[in-house]
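Colleague: Sending over a structure as structure tokens; questions will come in a sec.
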Amino acid sequence: MKLLFDTCVLYPTVMREMLLGAADAMGWQPLWSARIFDEWVHAAGKLGPEGPVFARGEVALLRAKWPNAEINWPPSLEARLWLPDDADRHVSAAAIAGSADQIITLNAKDFPKHILREEGVDRRDPDALLLQAFEAAPEAMARVARAIKMRAESLSGATWQTRAFYKKARLPKLAKALAAVEG
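Position in the sequence shown counted from 1, then plus 872, gives you the numbering used here.
Here is the structure:
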């Protein structure tokens, strides 16, 4: 399955790591564009002057791991598209050019499903996607989730309950499912 990841799901670290870990575990092909990466680097500026530096490092790692994931398209493709927010047309253009099955985004209102379907693309919330992956492969997804939480705990020095950790990451359905198997 080919999935175009919008900026809003790549920028938050835990969500990004969970989606990319799931891509590895489930055999999904992640897709993105240089403009999506540029938006991520710009958004990281909210974290302070070091934010864009770290984001560029993460972008470089993603480009190295998935060298065929970055999508380009002719300007004419983007120009013919309509979305409620013109600034999001590049995301749809990347999805279409990359033959994505779905756009993974938190931004439902700006990606109406009926418009995307005309182009053969669907929109999906990251939490619903990850819950579906967990239901299909609970052990693999639990391993991915544990590794991400352990890395975060190691870096922060704090201990987190699984449900609280993933709920804070805006993945409440996945958080509940993971907590249920951990007891």
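Note that CB positions come from ideal geometry on N, CA and C, so glycine has one too.
All of these numbers come straight from a predicted model, not from anything done at the bench.
Does DSSP put ASP994 in a helix, in a strand, or in coil?
Modeller: strand
Colleague: Quick check: HIS1024 and ALA897, are their CB atoms within less than 8 Å of each other?
Modeller: The amino acid at residue 1024 is misidentified as His; the sequence shows Ala. In this structure, ALA897 does not lie closer than 8 Å to ALA1024 by Cβ.
Colleague: Confirm, please, whether the CB-CB distance from LEU1043 to MET873 is below 8 Å.
Modeller: no
Colleague: Does DSSP classify LEU903 as helix, strand or coil?
Modeller: strand
Colleague: At the level of alpha carbons, what is the spacing between SER948 and VAL993?
Modeller: 18 Å
Colleague: Evaluate contact between the stretch 930-938 and the stretch 982-998, counting only Cβ atoms and requiring at least three cross-stretch pairs below 8 Å.
Modeller: The stretch 930-938 and the stretch 982-998 do not touch, with fewer than 3 CB-CB distances between them shorter than 8 Å.
Colleague: Alpha carbon to alpha carbon, how far is LEU955 from SER964?
Modeller: 9 Å
Colleague: Where does ALA916 land, buried or exposed, given buried means 16+ other C-beta within 10 angstroms?
Modeller: buried
Colleague: Would PRO998 be called buried (16 or more neighbouring beta carbons within 10 Å of its own) or exposed?
Modeller: buried
Colleague: By DSSP, does LEU978 sit in helix, in strand, or in coil?
Modeller: Note: LEU978 maps to coil in three-state DSSP.
Colleague: Contact between the stretch 893-907 and the stretch 1009-1021 is defined here as three or more beta-carbon pairs at a separation below 8 Å; is this criterion met?
Modeller: Contact between the stretch 893-907 and the stretch 1009-1021 is present: 3 or more CB-CB pairs across the two stretches fall below 8 Å.
Colleague: ALA1043 by DSSP, collapsed to three states: which one?
Modeller: Here residue 1043 is Leu; the residue named in the question, Ala, does not match the sequence. Here LEU1043 sits in coil by DSSP.
Colleague: Between the beta-carbon of PHE983 and the beta-carbon of ASP960, is there less than 8 Å?
Modeller: yes
Colleague: Judging by CA-CA distance, which residue of LEU1002, ALA927, ASN944, LYS918 is the nearest neighbour of ILE976?
Modeller: LEU1002
Colleague: Using a Cβ-Cβ cut-off of 6 Å (strictly less than) and excluding sequence neighbours within five positions of THR1034, which residues of its own chain qualify?
Modeller: LEU1050, ALA1051, GLU1054
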